[in-house]
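First the structure, in the form of structure tokens, and then the observations on it.
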Amino acid sequence: MSTLVEKKIQVNRILTMNPNQARAIEEPVRARIIKILYKKSLSAEQITKELRKTGYKKALTTIRHHLVILKETGLIEIAKIEE
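Residue numbers 5 to 87, in this note's numbering, belong to the letters of the sequence shown in order.
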């Protein structure tokens with residue numbers, strides 16, 4: 005048997021998730037939001053600004069929609085809502 009690629013990788017964390025959670029982070033913007041929020045808690049406006057820095061130019065309403073999906077699947081928690 006031949007090996008196509010053999011490269012050692014470092015595993016930082018292992019996640020278990022259900023199919024709904026897997027589908028939620030299948031969308032690249034939502035995966036990026038999870039990565040951003042892993043480091044610190046941010047508001048929707050701050051997340052939008054961080055995404056723009058990495059090339060994701062999305063409207064605030066679109067980001068809020070993605071946040072709702074992530075919350076509904078249990079991947080994030082909303083800490084505070086201000087209107």
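Just so it is clear, CB atoms sit at the ideal spot from N, CA and C, and this is done for glycine as well.
Under 9 Å between C-beta atoms of residue i and residue j
i	j	result
residue 77	residue 28	yes
residue 37	residue 80	yes
residue 51	residue 71	yes
residue 33	residue 55	yes
Nearest to residue i (by Cα), restricted to the options the options
i	options	result
residue 67	47, 23 and 42	47
Coarse secondary structure for residue i, derived from DSSP in three states
i	result
residue 17	coil
residue 49	helix
residue 29	coil
residue 71	helix
residue 76	helix
residue 63	coil
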